[in-house]
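Residue numbers (the numbering used here), protein chains in the order written: chain A, 1 to 84; chain B, 1001 to 1184. Positions of the beta carbon are idealized from the N, C-alpha and C atoms, including for glycine. A quick note: this is a predicted structure, and the numbers were derived from the prediction, not measured.
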Amino acid sequence: MNEHDEKQMKKLLRQALPPVKSEAEPGRDLWPDVLRRLDASTTTRSLPGWGWLNSYWFDGALLAGLVTLVAIFPAAIPVFLYYL
Amino acid sequence: MKNGASDVLNQFQQGDVDAFEALFRRHQRAVYGWILRITRDPAAAEELTVEAFWRIHQARARFDPARGFEGWARRIATRVTLDWLRAIRTRRTKYELSLEDCAEAVAPAQGDPAVTAEIRLKTALAFGRLPLKLRIAATLAVIEEQPHKVVAAALGISVAAVKVRVFRALRLLRKDLEEQGITP
């Protein structure tokens, strides 16, 4: 595709899909929606008793995996101690 | 005045809701307009503007006041819009319908009389079939005539990458139209 073709394609594209008016504005005040969204996320985050789960689930999962491994293969304990 | 603006940015970064509202009031139109340029769907653009400002609020700790709010907000808005477009691309979307409406709504007097309504419609639909990354770059750089530098910053890529994406978009579009027997 040469430069002329490129120009033609751009022209055709602009004719098919004219640009959106730059002065477009939302049809309503969106601030109340933003506030509602912020409130919803704050409420979800501050649910009592579940915060620790969000923060430490990965640590917990690792620890549970380690404990399970050690319970199944007690002989692995010296190996873990060696690498500590 | 500049100190006032910088205070608002610092307060926003510290989580002050009044400062956030001040920034929202100042930039919502620009953010909405940017999203609308990509989606061409006013209702979706409103929803995505709310989502973008929520993400802006969530990411405030990473905001660097020295680099300015507008470009940062535009980048987040672009990301939100891309996520939305990715989520809806599997079905015949409102976005495609709005492309179609848009092509049909163009009065013949606005363009080349040789370019018929059918060609415009086929062009719009072929454009809607382009890969998302190419389509967004071409929408912003070609249709909306935004500077390459602004598009690059919003997409988080280099200016050269924007040029490459636009070129590839136009080439694929041309190929698609040629396959339909249309020679631009």
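Under the three-state DSSP convention, the category residue i falls into
i	result
Ala76(A)	helix
Glu1070(B)	helix
Lys21(A)	coil
Val1130(B)	At residue 1130(B) the sequence reads Leu, which differs from the Val that was named. If DSSP states are grouped into helix, strand and coil, Leu1130(B) belongs with coil.
Met9(A)	helix
Ala1109(B)	Only weak support is given to the placement of Ala1109(B): the predicted model assigns it a pLDDT of 48, under 50, and the value that follows is read from those uncertain coordinates. Residue state, collapsed to three classes: helix.
Lys1149(B)	helix
Asp1064(B)	coil
Pro32(A)	helix
Thr1116(B)	coil
Ser41(A)	helix
Gln1013(B)	helix
Gly1156(B)	coil
Gly60(A)	helix
Gly65(A)	helix
First and last residue of the uninterrupted alpha helix (DSSP H) at residue i
i	result
Val1142(B)	Element bounds for Val1142(B): n/a, residue is neither H nor E.
Gln1058(B)	1042-1058
Arg1026(B)	1017-1039
Asp1183(B)	The residue asked about is misnamed: residue 1183(B) is Thr in this sequence, not Asp. Looking at the DSSP string, Thr1183(B) is not in any alpha helix (DSSP H), and its letter there is neither H nor E.
Distance, residue j Cα to residue i Cα
i	j	result
Ile1035(B)	Leu1155(B)	13 Å
Leu62(A)	Ala71(A)	14 Å
Val20(A)	Arg1165(B)	21 Å
Met9(A)	Glu1179(B)	15 Å
Pro18(A)	Gly65(A)	58 Å
Thr1049(B)	Gly1033(B)	9 Å
Gln15(A)	Val1142(B)	11 Å
Gln1058(B)	Leu12(A)	41 Å
Arg37(A)	Trp1054(B)	7 Å
Asp1016(B)	Asp1064(B)	16 Å
Ala1124(B)	Ile1182(B)	13 Å
Phe58(A)	Arg1062(B)	24 Å
Glu1051(B)	Ala1161(B)	27 Å
Leu1085(B)	Thr68(A)	43 Å
Asp1018(B)	Val1008(B)	9 Å
Ala1153(B)	Glu1118(B)	35 Å
Asp1041(B)	Glu6(A)	27 Å
Arg1025(B)	Leu30(A)	9 Å
Contacts that residue i makes with chain B (C-beta to C-beta distance below 8 Å)
i	result
Glu6(A)	Phe1167, Leu1170
Val20(A)	Gly1033, Leu1036, Arg1037, Arg1040, Glu1144
Residue i CB to nearest heavy atom of the ligand ZN below 8 Å
i	result
Arg1055(B)	Absence of the ligand ZN is noted for the structure shown, with no ligands found whatsoever.
Contacts of residue i in chain B (Cβ-Cβ under 7 Å)
i	result
Gly65(A)	Per Cβ cutoff of 7 Å: no residues; Gly65(A) is ~31 Å from chain B at best.
Asp39(A)	Result: empty, since nearest Cβ-Cβ is about 11 Å, beyond 7 Å.
Interface residues of chain B facing residue i [CB-CB closer than 9 Å]
i	result
Glu25(A)	Gln1028, Arg1029, Tyr1032, Gly1033
Residue i: contacting residues in chain A (beta-carbon distance under 7 Å)
i	result
Val1050(B)	Leu30, Asp33, Val34, Arg37
Phe1024(B)	Trp31, Val34
Arg1120(B)	Gln15, Ala16
Arg1174(B)	Met1, Asp5, Met9
Neighbour list for residue i in chain A, Cβ cutoff strictly below 9 Å
i	result
Glu1046(B)	Pro26, Gly27, Arg28, Leu30, Asp33
Cross-chain neighbours of residue i in chain A, by beta carbon under 8 Å
i	result
Glu1178(B)	Within chain A, no residue comes near Glu1178(B); the closest Cβ sits about 11 Å away, beyond 8 Å.
Task: Chain-ordered residues of the segment 1054-1074 of chain B with a beta carbon less than 7 Å from chain A - done: For the segment 1054-1074 of chain B, residues whose beta-carbon sits nearer than 7 Å to a beta-carbon of chain A comprise Trp1054, His1057.
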